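Residue numbers (this note's numbering), protein chains in the order written: chain Z, 1 to 275; chain G, 276 to 620.
Report on one structure; see the data block that follows.
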């Protein structure tokens, strides 16, 4: 009974924080949901519905491939906007003066993390649902199982990106700085580094790059996956290889490592930070 | 003697080369109201932040009487101590309604779920914020936020309440209400620790005062005990009618002559050049006396008997605030001089 009570005492503040976070971010959630659905419809419905003689892709899987192609970008922006303030805003906006004496910092970060995670996951799940329904109506067949696999990978990607942004939120001083820094690194930084390493060693797969791993979300919906994972151009002694996608196993392991290491690092930095 | 609820032992906090809190030792007993007074940058807020675990001490420790009634080192307590309530700095809130925020804070502090709504309504009503219950805090004025800051500190009915400048940004009526409420909390046996610049507010509600300067506690006692060490004591007499200007010189001389045995013989010329001053504006006489109870009685007797035909005394008081201001000013000046001398050496 005592164990149950202590578990209850430990979990309750986290649940209260999750609940509060869901209410706090409601407006942001609605805006992001609307924007992402509008983009999805623009990509997956409007061209076929409005432009005459535009043929649907040959297969449902190709249709899904086009539909999810923008999702890594949506996740990136959503994670930046939902998670950028998760730690630094408590310091920059001084809300920590009130909240820190009331709740253990680890519980606070876990609560806020899961609260925001639920919101982003819901946005993406609704996108997949809409895309799935569009696929069913357009092709008159059940949803291809690979869309579920893509959704599973997306969930891992959301976890990794969220933890990644949370680390920056614990290191930087303001929400805006966190947003700019994470967007720059995820959109440009990883691409530059992976291009350079591939130039230096074409066999070196850039599995450290979250941007590269995110290709998996759409790639699993590719007819040729996992047969073709890179393209190669060879001229005399020089070989240039463009890595297209990791394998599912590698992708999931890398995303899991990112998730855990970034989250632990963020929590430790948060615990040490003084207001 | 009642039990100790907060004990600061050799508490020190350094920020690189700056010592914000310097070897502070302090004990707060159950049911006491202690005021922490000092100039800007003296270390008041830092001390409170250390107690709230917002900062880690460089050395020394803070002992808190936990829910189990035992003094425990704060750094060894991993959970939050629900019997403490804090208001630190100017309160900043998430962009939510007052009700949503208070409900969240009450839940985090394990306040019984079925009582939360009543408690929120009761406090919002007390602080005249009930009609703002469902409004977002960003629409609140500074004073309203300050009130909400006080409410969040006491929402869970803590045993120890720690308030940093609770009167900041409040109008006089709200200040009176807060004073009243602090007295109400005192009656309930709560322990209160208040940091403030406002000496009047402190003198009105606190049992003891800790004077802090350059991070060190330079005095910690009751106002009465602190006064004992003070060279000059002051009495204020309010008169029914103003003294005619023609009689003023004669009357002041007569007052000095008749009250001479009880007056302060070593009056600091920085405070006043003469021991009896008449203030025409508020029809009052200020008397600097030797500070003994006997002299106070004799002065009153003399004023009533010897000056019956000259004026009528309608009140005879020893103002706490100006006493406190003087204690504050004297101790801080002495401490600053001592620090300067030590530096020169």
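Ideal Cβ placement from N, Cα and C applies to all residues, glycine included.
Please read all numbers here as calculations on a predicted model, not as lab measurements.
Under a CB-based cut-off of 8 Å, is residue i close to chain Z?
| i | result |
| --- | --- |
| residue 420/G | no |
| residue 429/G | no |
| residue 363/G | yes |
| residue 605/G | no |
| residue 330/G | yes |
| residue 367/G | yes |
| residue 470/G | no |
| residue 379/G | yes |
| residue 621/G | Lying before the first or after the last residue shown, residue 621/G is absent from chain G, which here runs from 276 to 620. |
How would you write the range of the beta strand (DSSP E) that residue i sits in, first residue to last?
| i | result |
| --- | --- |
| residue 335/G | 334–340 |
| residue 304/G | 293–304 |
| residue 231/Z | 230–235 |
| residue 362/G | 359–362 |
| residue 279/G | 279–290 |
Buried or exposed, going by whether 16 or more other CB atoms sit within 10 Å of the CB of residue i?
| i | result |
| --- | --- |
| residue 128/Z | buried |
| residue 240/Z | exposed |
| residue 249/Z | exposed |
| residue 291/G | exposed |
| residue 30/Z | exposed |
| residue 463/G | exposed |
| residue 136/Z | exposed |
| residue 200/Z | exposed |
Pull up the DSSP beta-bridge partners for residue i, would you.
| i | result |
| --- | --- |
| residue 439/G | 470/G |
| residue 508/G | 564/G |
| residue 553/G | 560/G |
| residue 488/G | 491/G |
| residue 310/G | 469/G, 484/G |
| residue 372/G | 411/G |
At what residues does the alpha helix (DSSP H) containing residue i begin and finish?
| i | result |
| --- | --- |
| residue 421/G | 417–429 |
| residue 132/Z | 105–139 |
| residue 492/G | Run containing residue 492/G: none in the alpha helix (DSSP H); it sits in the beta strand (DSSP E), 491–496. |
| residue 222/Z | Here residue 222/Z belongs to no alpha helix (DSSP H), and DSSP marks it neither H nor E. |
| residue 348/G | From DSSP, residue 348/G is part of no alpha helix (DSSP H) but of the beta strand (DSSP E) over 346–348. |
| residue 238/Z | Run containing residue 238/Z: none in the alpha helix (DSSP H); it sits in the beta strand (DSSP E), 238–243. |
| residue 522/G | 520–534 |
| residue 271/Z | 248–272 |
| residue 588/G | Here residue 588/G belongs to no alpha helix (DSSP H); instead the beta strand (DSSP E) covers 588–592. |
| residue 461/G | 447–462 |
| residue 396/G | 388–401 |
| residue 47/Z | 46–50 |
| residue 60/Z | 60–68 |
| residue 74/Z | 71–83 |
| residue 433/G | Per DSSP, residue 433/G belongs to no alpha helix (DSSP H) and is neither H nor E. |
Candidates the options: which alpha carbon is nearest residue i's?
| i | options | result |
| --- | --- | --- |
| residue 89/Z | 570/G, 369/G, 527/G | 369/G |
| residue 101/Z | 531/G, 286/G, 324/G | 324/G |
| residue 121/Z | 132/Z, 107/Z, 74/Z | 74/Z |
| residue 80/Z | 222/Z, 185/Z, 45/Z, 223/Z | 185/Z |
| residue 367/G | 419/G, 492/G, 491/G, 609/G | 419/G |
| residue 5/Z | 294/G, 385/G, 436/G | 385/G |
| residue 593/G | 417/G, 337/G, 431/G, 512/G | 512/G |
| residue 148/Z | 177/Z, 126/Z, 85/Z | 126/Z |
| residue 217/Z | 52/Z, 153/Z, 166/Z | 153/Z |
| residue 11/Z | 199/Z, 143/Z, 103/Z | 103/Z |
| residue 161/Z | 47/Z, 53/Z, 271/Z, 259/Z | 259/Z |
| residue 225/Z | 49/Z, 62/Z, 47/Z, 55/Z | 62/Z |
| residue 481/G | 309/G, 298/G, 293/G | 309/G |
Against chain G, does residue i count as a neighbour if the rule is that its beta carbon must be under 8 Å from one of theirs?
| i | result |
| --- | --- |
| residue 47/Z | no |
| residue 29/Z | no |
| residue 101/Z | yes |
| residue 25/Z | no |
| residue 278/Z | Past the edges of chain Z, shown from 1 to 275, lies residue 278/Z, and the structure says nothing about it. |
| residue 203/Z | no |
| residue 273/Z | no |
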